[in-house]
Amino acid sequence: MSMQTGGREPVSVWEVASPTRPRLPAGVGMAGFRDSGRAEVGQRVIPHPSVMVAVEFGARPPVVSDAAGRQQRGSMVAGLGLGFGGAAWVRGENVECLQLRLSPLVAGAVLGVPPAELDGVVPLDAVWGRAVGRIREQLSEAPSWQVRFALVEKLLEPAGGARTLLDPEVAWAWRRIVGGRGTVRVEDLAGEVGWSRKRLWARFRSQIGLPPKRAAQLVRFDRAVHLLVAGEAAARVAAETGYADQSHLHRDVAAFAGITPSAVTREPWLAVDDVAWPDRTG
2 MSMQTGGREP VSVWEVASPT RPRLPAGVGM AGFRDSGRAE VGQRVIPHPS
52 VMVAVEFGAR PPVVSDAAGR QQRGSMVAGL GLGFGGAAWV RGENVECLQL
102 RLSPLVAGAV LGVPPAELDG VVPLDAVWGR AVGRIREQLS EAPSWQVRFA
152 LVEKLLEPAG GARTLLDPEV AWAWRRIVGG RGTVRVEDLA GEVGWSRKRL
202 WARFRSQIGL PPKRAAQLVR FDRAVHLLVA GEAAARVAAE TGYADQSHLH
252 RDVAAFAGIT PSAVTREPWL AVDDVAWPDR TG
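Our numbering puts the sequence shown at residues 2 to 283.
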């Protein structure tokens with residue numbers, strides 16, 4: 002499916018592809034993107050409640066800039082919600098990439114490192130080493146998106162049977178946060194799992210990558226911005242998603258995305274989500 006984004010020239014036309022019969026481990030989503038725009042464009046990457054892996058295989062690697070101003074060229078991996086810094090930017094021309102979204106419950110098994118060790122946006126070869134070059138070459142030579150998806154599914158098979166690196170209590174707390182769409186009282190989670198607050202907070206952050214409160218804010222933000230993109234009024238979204246008021250929603254959108262609620266509705270990154278990630282978290 003192709004989607005055109007951008008209200009002014011130059012425009013970017015994104016080809017978005019998803020696996021027709023996905024055979025992925027639980028907690029893993031996959032999509033392909035090709036930018037056939039006529040000029041180099043920049044796009045804001047909105048934080049979301051998953052760990053992101055992007056393997057690019059085009060002729061001209063894109064450049065990704067995080068909120069701290071650090072730049073990475075080419076394939077990369079980003080921690081849950083892109084870390085603490087907020088939105089990132091990707092710039093490039095005729096970009097081709099395959100992207101994975103990983104639940105933090107399985108990210109450690111897929112990547113080989115805990116999500117907490119990902120400091121914002123980092124080069125993928127810092128995690129997967131020389132294998133990245135081989136994967137890029139195979140993706141570039143593949144004749145179609147479905148062949149590329151099958152290739153990556155094969156690579157991910159060992160992760161499907163890998164032992165989780167998380168404490169059951171931490172995994173349960175994450176599922177409670179996601180199931181409650183970010184509106185659960187995180188202060189109550191420790192008592193529910195029978196741990197002290199200090200212990201749960203420390204274990205959750207070291208294994209998930211964010212403290213429970215920030216994780217809940219991220220899940221709630223993700224649901225709120227997608228309702229805004231769907232055309233819901235900001236006041237109604239604030240009430241429906243558990244914000245104290247519209248100003249509270251405004252502050253969270255500014256903190257995570259760096260823009261206002263009205264501006265976030267025009268973000269191309271969010272416009273393609275329902276096509277690329279029909280089973281997305283939140």
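Don't be surprised by glycine CBs; every beta carbon is placed ideally from N, CA and C.
As computed with DSSP, D36 is found in a beta bridge with W15.
In this structure, A277 sits near S19, with a CB-CB distance shorter than 8 Å. The beta carbon of A160 sits closer than 8 Å to those of P26, V29, V107, A110 and V111, all from its chain and outside the five residues before and after it, given in chain order. The residue among A234, V230 and V226 with its C-alpha nearest the C-alpha of A256 is V226. Around the beta-carbon of T261, fewer than 16 other beta-carbon atoms lie within 10 Å, marking it exposed. Looking at the backbone, the Cα of R74 and that of S51 are separated by about 21 Å.
Distance from the CA of L229 to the CA of A245, rounded to the nearest whole angstrom, comes to 17 Å. Residue range A89 to G93 is occupied by the beta strand (DSSP E) that includes W90.
One alpha carbon belongs to E142, the other to A69, and they sit about 35 Å apart. If you ignore the 5 residues before and after W146, its C-beta comes within less than 6 Å of the C-beta of A18 and G33, all in its own chain and listed in chain order.
In the same chain as D67, and ignoring 5 residues on each side of it, the C-beta atoms closer than 6 Å to its own belong to G86, A89, G121 and V122, in chain order. Taking 8 Å as the cut-off, the Cβ atoms of G93 and V64 count as close. Taking C-beta separations shorter than 6 Å and ignoring five residues to either side along the sequence, the partners of P48 in its chain run G82, L83 and F257, following chain order. Taking C-beta atoms as the reference points, V78 and L152 fail to come closer than 8 Å. The residue from R186, V171 and R182 with its alpha-carbon nearest to that of L211 is V171.
Nearest to D280 by alpha-carbon distance, out of E16, N95 and L101, is L101. DSSP, read as helix, strand or coil, puts R137 in helix. In the DSSP assignment, L229 falls within the unbroken alpha helix (DSSP H) covering P213 to V230.
Distance from the CA of W175 to the CA of V96, rounded to the nearest whole angstrom, comes to 34 Å. Under a 10 Å Cβ-count criterion, A132 is classified as exposed, with fewer than 16 other Cβ atoms of the shown protein chains found around its own Cβ. Collapsing the DSSP output to three states places P63 in coil. Distance from the CA of E188 to the CA of S207, rounded to the nearest whole angstrom, comes to 18 Å.
Uninterrupted beta strand (DSSP E) stretches at least 3 residues long and entirely within the stretch 118-194 occur at 122-124, given in chain order. With 16 or more other Cβ atoms inside 10 Å of its own Cβ, T266 counts as buried. Contact between I178 and P213 holds: their C-beta atoms lie close to 7 Å from each other, under 8 Å. Within the same chain, and ignoring the five residues on either side of L250 in sequence, the residues whose Cβ sits closer than 8 Å to its Cβ are A225, A235, V238, A239, T242, Y244 and P262. For L201, the enclosing alpha helix (DSSP H) covers residues R198 to I209. Pairing R71 with D168, the inter-Cα distance amounts to about 32 Å.
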